[in-house]
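Protein chains in written order, with our numbering: chain W, 264 to 390; chain Z, 264 to 390.
Here is the structure we will look at, set down as structure tokens.
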DNA sequence: TATATTGTAATACAACAATATTACAATAAA
DNA sequence: TTTATTGTAATATTGTTGTATTACAATATA
């Protein structure tokens, strides 16, 4: 299972963010074949969006055979290889980090500040 | 000056992409206070979008005091002052870092991935 | 001064995004 | 069997995004 998170500041439509996170979840192995996803209603509540928005994301992924839905039971990860190219991955990470830097910079923080803080966070997780 | 590029596949509105690139340019130092931006019409031609789209981006940045416009001459990078009390600084940086770690995690990226990318970004700014 | 350039405003239009609401059919569970 | 849960469908509504077009006022330039 993955922790869904919507970023309202990203400018990316919500249903697109949901689609991307599921795709990346499968590609990175955090979501496995046959695994059940949250129900459209529960995820809608969790993310505080309309159920149509979640439904739209699931539906589009079903068309791509990435998800399989069983009416009455739920939505599951399909048996298909989802490959996110290294280039795509890199661009996604870049996009997140650029937004990160832009915001941090607007508060007067530098790249060094950010790296230092993340290193601190990391050393604490290793305890 | 920046090399503006629009990615139609990104799902991010064009005017948002323009805004993001200007903000990022300022954050990295590629755009400096007082520097003139392309005219609304020239950038619209370059990016193959309507002049209203560029105008919307510039207008929004002017509202945020990031740009200054002079009718008849052009649009320029404004002199933005950051005000965050030193007291709140540490907490602010932590909050920003936590939020972006959560976002990165939702796409399967780790703390190490982020640190690596930020280090890459830093090495490029030193060139 | 006359002309071109600049940002801006206003209107109309089409497509998309997100919500709200209601309802239905298939499945699971009591 | 009855009830609840599941995904789905349909409709309406609001706001956003992007284009197209015309026009205007301030500034710069010839």
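Where a beta carbon is used, it is the ideal one built from N, C-alpha and C, also for glycine.
Please read these numbers as outputs of a predicted model, since none were measured by experiment.
Worksheet item: Counting along the chain, where does the alpha helix (DSSP H) carrying residue 381 of chain W start and finish?
Response: Start at 1 with the first residue of the first chain, and residue 381 of chain W comes out as number 118. Note, residue 381 of chain W: alpha helix (DSSP H), 374-388.
Worksheet item: Considering only the beta carbon of each residue, do residue 362 of chain Z and residue 360 of chain W sit closer than 8 Å?
Response: Within the second chain, the letter at position 99 stands for residue 362 of chain Z. Within the first chain, the letter at position 97 stands for residue 360 of chain W. No.
Worksheet item: Could you check where the beta strand (DSSP E) with residue 331 of chain Z kicks off and where it finishes?
Response: Position 68 of the second chain, counted from the start, is the residue given in the question as residue 331 of chain Z. DSSP places residue 331 of chain Z in the uninterrupted beta strand (DSSP E) bounded by 330-333.
Worksheet item: Would a C-beta distance cut-off of 8 Å place residue 310 of chain W and residue 269 of chain W closer than the cut-off?
Response: Here residue 310 of chain W is taken as the residue at index 47 of the first chain, counted from 1. Here residue 269 of chain W is taken as the residue at index 6 of the first chain, counted from 1. Yes. Within cutoff.
Worksheet item: Which first and last residues belong to the beta strand (DSSP E) in which residue 338 of chain W is found?
Response: Against the first chain, residue 338 of chain W aligns to sequence position 75. 337-340 is the span of the beta strand (DSSP E), which, as asked, contains residue 338 of chain W.
Discussion item. For a contact defined as C-beta to C-beta under 7 Å, what are the partners of residue 355 of chain Z on chain W?
Written reply: Working through the second chain from its first residue, we reach residue 355 of chain Z at position 92. What residue 355 of chain Z touches in chain W: 370.
Worksheet entry | Neighbour flag for residue 296 of chain W against chain Z, beta carbons, 8 Å | Position 33 of the first chain, counting from 1, holds the residue named residue 296 of chain W. Not closer than 8 Å to any Cβ of chain Z, the Cβ of residue 296 of chain W fails to qualify, so no.
Worksheet entry | Near the ligand FAD: residue 370 of chain Z beta-carbon under 7 Å from a heavy atom | The ligand FAD is absent from the structure shown, which contains no ligand whatsoever.
Discussion item. Just to confirm before moving on: does the CB-CB distance between residue 308 of chain Z and residue 370 of chain W stay below 8 Å?
Written reply: In the second chain, the residue the question calls residue 308 of chain Z occupies position 45. In the first chain, the residue the question calls residue 370 of chain W occupies position 107. Residue 370 of chain W sits away from residue 308 of chain Z, with the two beta carbons spaced by 8 Å or more.
Worksheet item: Tell me which same chain residues have a C-beta within less than 6 Å of the C-beta of residue 280 of chain Z, skipping the five on either side of it?
Response: For this step, residue 280 of chain Z is matched to residue 17 along the second chain. 269, listed in sequence order.
Discussion item. Does the CB of residue 329 of chain W have a neighbour CB from chain Z at under 8 Å?
Written reply: Translated into positions along the first chain, residue 329 of chain W becomes position 66. No, because no Cβ of chain Z sits closer than 8 Å to the Cβ of residue 329 of chain W.
Worksheet item: Using a C-beta to C-beta distance shorter than 9 Å, which residues of chain W count as neighbours of residue 287 of chain Z?
Response: As a position in the second chain, residue 287 of chain Z is number 24, starting the count at 1. Chain W residues near residue 287 of chain Z: 361, 362, 364, 365, 368.
Worksheet item: Quick one: what's got a C-beta closer than 7 Å to residue 353 of chain W's C-beta in the same chain, skipping five residues either side?
Response: Translated into the one-based positions of the first chain, residue 353 of chain W becomes position 90. So no residue of the chain qualifies.
Item to complete: List the residues of chain Z that residue 264 of chain W touches, going by C-beta distances under 9 Å, in chain order.
Response: Your numbering for residue 264 of chain W matches position 1 in the first chain. Neighbours of residue 264 of chain W on chain Z: none; closest Cβ ~12 Å, over 9 Å.
Item to complete: Excluding the 5 residues preceding and the 5 following residue 220 of chain Z in the sequence, name in chain order all residues of the same chain whose CB lies nearer than 8 Å to its CB.
Response: Since the first residue of chain Z shown is 264 and the last is 390, residue 220 of chain Z is not available in this structure.
Worksheet item: When you compare each of W/356, W/328, W/291, W/337 to residue 306 of chain W by their alpha carbons, which one comes out closest?
Response: Here residue 306 of chain W refers to the residue found at position 43 when the first chain is read from its first residue. For the set W/356, W/328, W/291, W/337, the Cα lying nearest the Cα of residue 306 of chain W is the one of W/337.
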